[in-house]
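In the numbering used here, the protein residues as written are 475 to 1299.
Here a beta-carbon is modelled for each residue, glycine too, at the ideal position from N, C-alpha and C.
Report on the following structure.
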């Protein structure tokens, strides 16, 4: 076995930063280069042009000039003397000057003018001109950011420097800064540190107020459209939280409330003081966007990576690469690469970028040569990626002492954070040109490597799985939609599912895996609300159904326990998706046949056992609402609770978005569980007679009558979501649905109850057991007079549909007898 590597994974010693220069000098065969944009050696093959080509720069400037002139021509003559119009003319002149000189000094002057102009923009009388003014300045900055001009790294570094060094009256223009950040024009790690320092531990009121506004805009308001995560503003949030905790007199109003909202997603704050794994991961993400490497460091990392790839693939090493690893570790030690956390972080970031770039080049070859074999192209990509992953796995296994799991897990989280950071940066810059393959390969091979049957890996298995879960949650589809197919393949891999749901102690992996599925459902939700899915979303939806089928077959108890949380985020119109979840039942239960004649549901042994629900469904209830609800259930006061219930559930007047669906779902389940407890305390069991004349049923009947069609549909769906396998919840809510039908004061309510049940039965199987027994009882029991209602016979095709469903549920002969016996035509 190779010697144990004692890595310092944690704080960075500033005194050791000189190691970079020593490292740059000591690697044989390489000299520091002043032009880091030109790859050599390992990467010195045809690749995306990065040099500053004069002709390319001129073309970029020419295009920018043309677009600026078009904007100026579109400004109404009445605004010709407006200061913002004059500023745009001055900006155009600066672009022309930079185009004619075509040197870095002119470009820097133009960049500073564009940034300061954007920061100087204030709300004017003409909103259209302000919008055009900002768009023109962003246009210039994006032109400078173009890879064929001066590059995003140079541009972002200079823009960030402008933001830091500009005057206070410009520095705190939150709209302008947000625009720059959302357009990927700011080095977030550098800016985050500056903003945290500028607050002076809460003493600088203006800086604190600005930081609050920025955090709210980027992490709270419409955060689904932002690429920024809590890790990007780590130090800013830490300072705001410290300021809030000390309750300084000059802290702006609303700071504690804002920090409470942010805290729920800011896992790294929990263990920052201990240098825990979440902090290490977020630190890695943040450092992945740091490009101020010492001269020559990239070439040295390239050299070491090439050496390792050759060692890994050499015939002598084979798959047993531990011997090669021993030699390579000696080389890394000799070059000082393992001396500091900062050095090894930069090394892994550079290696990740190089492997990804090689993969892009290989895939570009296939585009230029369609006849090239896909297998050969992928093999080229995997050649470097697999070797890199093996290096990571060996470093994790052998870092620290054999029994020191903390060092191993911290290193793993740091490396995963680096890969995540590189992925997010790549995803945001390349956009539609982004490729999933290299990142998918890194994650899947690393997952397999670290789940091998080895004792040293088994001792850290749960922490390893937690690290991967955190990684996948950070890369959830709403954050990196271009990675969604690879992401779904990763979370549904047989090894990952089995480890998370079958091999974690005390089912500790269940809530983490449930969160990943919720991430998936949340991303799908807006697409699924539209009945027409485009081809890419159809593929993703089918993949989701397959994952649920696997879970339904292999881990039904998992779906049982988390059904509420899943149904809470699945749109109401997604019937089949919801049915798959609600059809799950424990493997040790023998499900009674719902079509058995004269089935006595209340006599089943399981019917009085409460199901396990592992979702905190009351968490969405506002404190005062919960307090009033509990009071009403106990004493039927305040008397205004029922009359105000609809307004408490309604959030807007926009059709289709009127109601707080999560609050309706929570209200229904909470009232139901309280009702069951109330009935059991009286020594009874739920039935059509015992559920009546109670505060619980008052609430349900009030909702059925008082809500409009949209609200009632959501309310009835919340009840139907509890009609599952035999348990006390299924029994109570089945009785409740039937009672609401029987006691309805209008046929419209009865028709809507029928619709909610029927639409879940006319889709492909499986169908939840509780849903079947409820519908069978409704159409079979003469007391409900189901076949006498007009909506059953409103059209021939509707009548045939009901007859067909009745025959499926009860058999043709019995269905015919029921329909004829109650006057059905």
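Checklist entry - Where residue 853 and residue 871 are concerned, what is the direct C-alpha to C-alpha distance, given to the nearest angstrom? => result 26 Å
Checklist entry - What did DSSP end up calling residue 626 once you bin it into helix, strand or coil? => result helix
Item to check | Cβ neighbour criterion (16 or more within 10 Å) applied to residue 735 | outcome: exposed
Next on the checklist: Looking only at its chain, what residues have a beta carbon closer than 7 Å to the beta carbon of residue 588, apart from the 5 residues adjacent to it on each side?
Outcome noted: 565, 611, 614, 615
Next on the checklist: Within 8 Å, do at least three Cβ pairs link the segment 1243 to 1254 to the segment 1196 to 1212?
Outcome noted: yes
Checklist entry - Where does residue 1209 land, buried or exposed, given buried means 16+ other C-beta within 10 angstroms? => result buried
Next on the checklist: If we require 3 or more residues per run, which beta strand (DSSP E) segments fall completely within the segment 1072 to 1105?
Outcome noted: none
Next on the checklist: Considering only their Cβ atoms, is the gap separating residue 1102 from residue 1091 smaller than 8 Å?
Outcome noted: no
Next on the checklist: Let's test the definition: count the other Cβ atoms within 10 Å of the Cβ of residue 907 and tell me whether it reaches 16, buried, or not, exposed.
Outcome noted: exposed
Checklist entry - Which residues in the same chain as residue 1086 place their Cβ atom closer than 8 Å to its Cβ, once the five residues preceding and following it in sequence are excluded? => result 1034, 1035
Checklist entry - Can residue 1221 and residue 1263 be called in contact, C-beta distance under 8 Å? => result yes
Checklist entry - Helix, strand or coil: how does DSSP classify residue 1133 here? => result strand
Checklist entry - In terms of residues, what are the limits of the alpha helix (DSSP H) holding residue 841? => result 815 to 842
Next on the checklist: Please classify residue 1293 as buried or exposed, where buried requires at least 16 other C-beta atoms within 10 Å of its C-beta.
Outcome noted: buried
Checklist entry - In the DSSP assignment, what are the bridge partners of residue 1124? => result 1133
Next on the checklist: Rounding to the nearest angstrom, what Cα-Cα distance links residue 1200 and residue 1067 in this structure?
Outcome noted: 11 Å
Item to check | Assumed close pair residue 1197, residue 1159 - CB separation to whole angstroms, cut-off 8 Å | outcome: Wrong, their Cβ atoms sit about 17 Å apart, outside the cutoff.
Checklist entry - So is residue 1010 buried or exposed if we call it buried at 16+ other beta carbons inside 10 Å? => result exposed
Next on the checklist: Please tell me whether, using a cut-off of 7 Å, the distance from the CB of residue 1193 to the nearest non-hydrogen atom of the ligand HEM is below it.
Outcome noted: With respect to the ligand HEM, the structure shown offers nothing to examine, as it has no ligands at all.
Next on the checklist: Please state whether the Cβ-Cβ distance between residue 666 and residue 706 is less than 8 Å.
Outcome noted: yes
Checklist entry - Just how far apart, CA to CA, sit residue 1150 and residue 1076? => result 14 Å
Next on the checklist: Here's the rule: buried if 16 or more other CB atoms are within 10 angstroms of the residue's CB, otherwise exposed. What is residue 929?
Outcome noted: exposed
Item to check | Start-end ranges of the alpha helix (DSSP H) lying completely within the segment 1126 to 1200, minimum 4 residues | outcome: 1135 to 1155, 1169 to 1180, 1183 to 1194
Next on the checklist: Here's a check: name, in chain order, each residue in its chain whose Cβ is nearer than 7 Å to the Cβ of residue 708, leaving out the five neighbours to either side.
Outcome noted: 666, 742, 756, 760
Checklist entry - Which same chain residues, not among the five before or five after residue 1005, have their C-beta less than 8 Å away from its C-beta? => result 1047
Item to check | Element boundaries [alpha helix (DSSP H), containing residue 1050] | outcome: 1049 to 1056
Item to check | Contact check, residue 902 vs residue 830, beta carbons under 8 Å | outcome: no
Item to check | Through-space distance from residue 661 to residue 860, alpha-carbon basis | outcome: 30 Å
Next on the checklist: Relative to the C-alpha of residue 554, which candidate in 603, 1260, 715 has its C-alpha closest?
Outcome noted: 603
Checklist entry - CB residue 572 to CB residue 581, shorter than 8 Å? => result yes
Item to check | Cα-Cα separation, residue 515 to residue 801 | outcome: Residue placement at residue 515 is flagged as unreliable, the pLDDT there being 34, under the threshold of 50; the coordinate-derived value follows with that caveat. About 22 Å.
Next on the checklist: Quick check on the burial criterion: 16 or more other C-beta atoms within 10 angstroms. Buried or exposed for residue 651?
Outcome noted: buried
Checklist entry - Taking Cβ to Cβ, would you say residue 893 is nearer than 8 Å to residue 916? => result yes
Next on the checklist: Given this structure, state the Cα-to-Cα distance separating residue 773 from residue 654, to the nearest angstrom.
Outcome noted: 32 Å
Next on the checklist: Since residue 923 and residue 1020 should fall inside the 8 Å C-beta cutoff, what is the C-beta to C-beta distance between them, to a whole number of angstroms?
Outcome noted: Contact doesn't hold; Cβ gap of about 26 Å is too wide.
Next on the checklist: Runs of 4 residues minimum, wholly inside the segment 1245 to 1287: which ones carry the alpha helix (DSSP H) assignment?
Outcome noted: 1270 to 1284
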